[in-house]
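Just below is one structure, and these are the notes that go with it.
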Amino acid sequence: MKRSTGIAFIALALTAVISFAALPASASSTTYDFHFLSTGGGEYCDGIFFYNYGSPKTLVDGYHWNTFCAGTNANVNGFKASVAANYQYAATGAAFLISDPDSGNGAGGGTGVMWLINPTYHTWNFYYSGGGAGEYVGNEGIFVNGEALVTHGSKSTKSAQSR
Amino acid sequence: MSSYTLHWALLSGIVALAVCVQAETRGKEISKHAPEDAQNPLVVEFKTFSANVTGGIARDHDRKVYRSGKWMRVDFEDSYRVNDLDTLQMWSIGASRCVEFTRPDAGTYPFSAYHDFKVERAASQEQETVDGHVCRIETLTLTPKDDRPIVARMKLWEAEDLDGFPIRIDVEEGGQTFTSRYTNVSLEAPDPKLFEHPAKCTPGLQPGQKGVLKLDKSAAQ
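The listed protein sequences derive, respectively, from chains A and B. By the numbering used here, the letter at position 134 of the first sequence is numbered 134, and the numbering carries on one by one without gaps. By the numbering used here, the letter at position 147 of the second sequence is numbered 1147, and the numbering carries on one by one without gaps.
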């Protein structure tokens, strides 16, 4: 009886270990979903949703929602890495570097956009590509992340990219 | 001379050469604009003006901009940005905040772009009327002075009644075209106070950071 109990215990322990190892990566991921806010706290119409995941936990994947207040989303992705303070808005250290296709609101003529989102200082800013001639600061602001899905809409009629 | 001395002399020479090369490289990095940039009309002409810009790299709409020499200011609803066109530094200043960036605001484009490029100018006899202004058309071909494989083509609509100020600028680069239109143009020198900014912004947290902000939804943009 004792022997069978021991075997059962080991089997149970193994099952627990295997189950834990087989858990999806999302179990250790962090969800971000927030409206872009201006530096004064005013709400823009758009925002961003993304997972920070992986091992090391530096992968980022998600979408920029309600781009240009048009009700459409743009898939975005990137990494978490250290960025010098002089490139960030009132922040330093690790930031999410997220590339955005910048649809140009469907009008064309869009250029590359790179978001810097600092989860420690709750700030964001983004840069426009100059096509190899040097980048430009687009806009900056703050955010409040509830780490829960937020309503992807707003009464605001101005997007973060519309400045 | 012993071989020991010869080795030391050789080693010292290599070190000195490396230091010189590095110093030269650093010098190139720091020097953003070279004196021969004089050909770029957006650099050497139109040094004082104010206007409203629509379009550009940020697709601005009727955004107020001012220029006085190397300074260019871009206005926002509750803040403004002062840009140094020589160093490409930018100060973003609000009622209770000031943040310094080492890149310019997008509203300065294309006046802040292609300063370190070679410029070929080609005036044409062609004339067009834009927003009621008779314009002569000039095209610029801009190529980097280094080995970057970039060619930008700029088309300027220069208003005759505004001393040739380009009220429309098209920049074609990398298969994309960015159009900037300038209205409400004044060639008078803007008030120098418009370009005032702190010598250095106080680093650190700005109001509302760290998630302690009380959200004011009525203040939506």
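Glycine included, C-beta positions come from ideal geometry on N, C-alpha and C.
With a threshold of 7 Å between beta-carbons, can residue i be considered close to chain A, or not?
i: T1102 of chain B; result: yes
i: D1170 of chain B; result: no
i: Y1114 of chain B; result: yes
i: G1175 of chain B; result: no
i: D1078 of chain B; result: yes
i: G1094 of chain B; result: yes
i: C1201 of chain B; result: no
Whose Cβ in chain B lies nearer than 7 Å to the Cβ of residue i?
i: Y89 of chain A; result: V1099
Please list, in chain order, the chain A residues whose beta carbon lies closer than 8 Å to that of residue i.
i: M1090 of chain B; result: V137
i: I1057 of chain B; result: T111, Y128, G130, Y136
i: A1152 of chain B; result: G131, A133
i: L1205 of chain B; result: A90, Y121
i: D1060 of chain B; result: R163
Cutting at 8 Å between CB atoms, please list the residues of its own chain near residue i, excluding the five before and the five after it.
i: V1151 of chain B; result: T1141, L1142, T1143, E1173
i: T1071 of chain B; result: The residue asked about is misnamed: residue 1071 of chain B is Trp in this sequence, not Thr. So the qualifying residues of the chain are V1082, N1083, D1084, L1085, F1195.
i: K1200 of chain B; result: E1100
i: P1198 of chain B; result: W1091, I1093, C1098
At the level of alpha carbons, what is the spacing between residue i and residue j?
i: S154 of chain A; j: F1101 of chain B; result: 29 Å
i: T111 of chain A; j: P1104 of chain B; result: 16 Å
i: I98 of chain A; j: S129 of chain A; result: 13 Å
i: E1138 of chain B; j: D1078 of chain B; result: 37 Å
i: Y1109 of chain B; j: L1088 of chain B; result: 11 Å
i: K57 of chain A; j: A85 of chain A; result: 22 Å
i: V1074 of chain B; j: E1196 of chain B; result: 13 Å
i: K80 of chain A; j: S159 of chain A; result: 24 Å
i: T31 of chain A; j: L59 of chain A; result: 12 Å
i: N145 of chain A; j: G131 of chain A; result: 32 Å
i: T123 of chain A; j: E1160 of chain B; result: 46 Å
i: A95 of chain A; j: L1205 of chain B; result: 16 Å
i: S125 of chain A; j: T1177 of chain B; result: Note that residue 125 of chain A is Asn in the sequence shown here, rather than Ser. Going from the Cα of N125 of chain A to the Cα of T1177 of chain B covers about 24 Å.
i: S29 of chain A; j: G42 of chain A; result: 29 Å
i: F49 of chain A; j: A90 of chain A; result: 22 Å
i: R1148 of chain B; j: G1107 of chain B; result: 24 Å
i: I142 of chain A; j: S1068 of chain B; result: 31 Å
i: V1119 of chain B; j: S1112 of chain B; result: 14 Å
i: V137 of chain A; j: Y127 of chain A; result: 5 Å
i: K1064 of chain B; j: G54 of chain A; result: 45 Å
i: H64 of chain A; j: T157 of chain A; result: 16 Å
i: V1044 of chain B; j: T120 of chain A; result: 43 Å
i: F1076 of chain B; j: R163 of chain A; result: 8 Å
i: D1116 of chain B; j: E135 of chain A; result: 14 Å
i: N75 of chain A; j: A1058 of chain B; result: 20 Å
i: V83 of chain A; j: G93 of chain A; result: 6 Å
i: N166 of chain A; j: G1132 of chain B; result: The requested residue 166 of chain A is not part of the displayed model; chain A covers only 1 to 163.
i: H152 of chain A; j: Y1114 of chain B; result: 39 Å
i: K1193 of chain B; j: I117 of chain A; result: 33 Å
i: G102 of chain A; j: V113 of chain A; result: Checking the sequence shown, residue 102 of chain A turns out to be Asp, not Gly. One C-alpha to the other measures close to 6 Å.
i: R1062 of chain B; j: N139 of chain A; result: Note on identity: in this sequence residue 1062 of chain B is Asp, with Arg being the wrong assignment. Looking at the two C-alpha atoms, the distance is approximately 16 Å.
Does any residue of chain B bring its CB to less than 7 Å from the CB of residue i?
i: A133 of chain A; result: yes
i: T172 of chain A; result: Residue numbering for chain A in the displayed model covers 1 to 163; residue 172 of chain A lies beyond these limits and cannot be assessed.
i: N118 of chain A; result: no
i: N77 of chain A; result: no
i: G153 of chain A; result: no
In chain A, what lies closer than 7 Å to residue i by C-beta?
i: A1106 of chain B; result: Y128, Y136, V137, G138
i: S1180 of chain B; result: Ordered by position in chain A, no residue passes the 7 Å Cβ test against S1180 of chain B, which lies about 11 Å from the chain.
Give me, in chain order, the residues of the same chain whose beta-carbon lies closer than 6 Å to that of residue i; leave out the 5 immediate sequence neighbours on both sides.
i: F1046 of chain B; result: F1165
i: T1179 of chain B; result: G1055, D1170
i: V150 of chain A; result: D33
i: E1126 of chain B; result: I1137
i: S1222 of chain B; result: Past the boundaries of the shown model lies residue 1222 of chain B; chain B is included only from 1001 to 1221, so the question cannot be answered.
i: R1168 of chain B; result: V1130, W1157, R1181
i: G47 of chain A; result: F34, H35, F36, W65
i: T39 of chain A; result: G141
Enumerate in chain order the residues of its own chain whose CB-to-CB distance from residue i is below 7 Å, with the five nearest sequence positions on each side excluded.
i: G71 of chain A; result: none
i: N1184 of chain B; result: A1051, N1052
i: C164 of chain A; result: The requested residue 164 of chain A does not occur in the structure, where chain A is confined to residues 1 to 163.
i: E1128 of chain B; result: C1135, I1137, W1157
How would you list, in chain order, the residues of chain A whose beta-carbon sits under 9 Å from the beta-carbon of residue i?
i: Y1109 of chain B; result: Y128, G130, Y136
If we define contact as Cβ-Cβ less than 7 Å, is residue i a contact residue for chain E?
i: L1042 of chain B; result: Note that chain E does not occur in the displayed structure, where the protein chains are A and B.
Compute the minimum distance between the beta carbon of residue i and the heavy atoms of the ligand GTP, and state whether it is under 6 Å.
i: Y32 of chain A; result: For the structure depicted, the ligand GTP is absent and the ligand set is empty, with no information on it obtainable.
> Listed in chain order, which residues of the stretch 41-72 of chain A have Cβ atoms closer than 7 Å to some Cβ of chain B?
Replying inline: G41, G42, E43, Y44
> Listed in chain order, which residues of the stretch 1123-1151 of chain B have Cβ atoms closer than 7 Å to some Cβ of chain A?
Replying inline: For the stretch 1123-1151 of chain B, which is checked against every Cβ of chain A, the residues closer than 7 Å are R1148, I1150.
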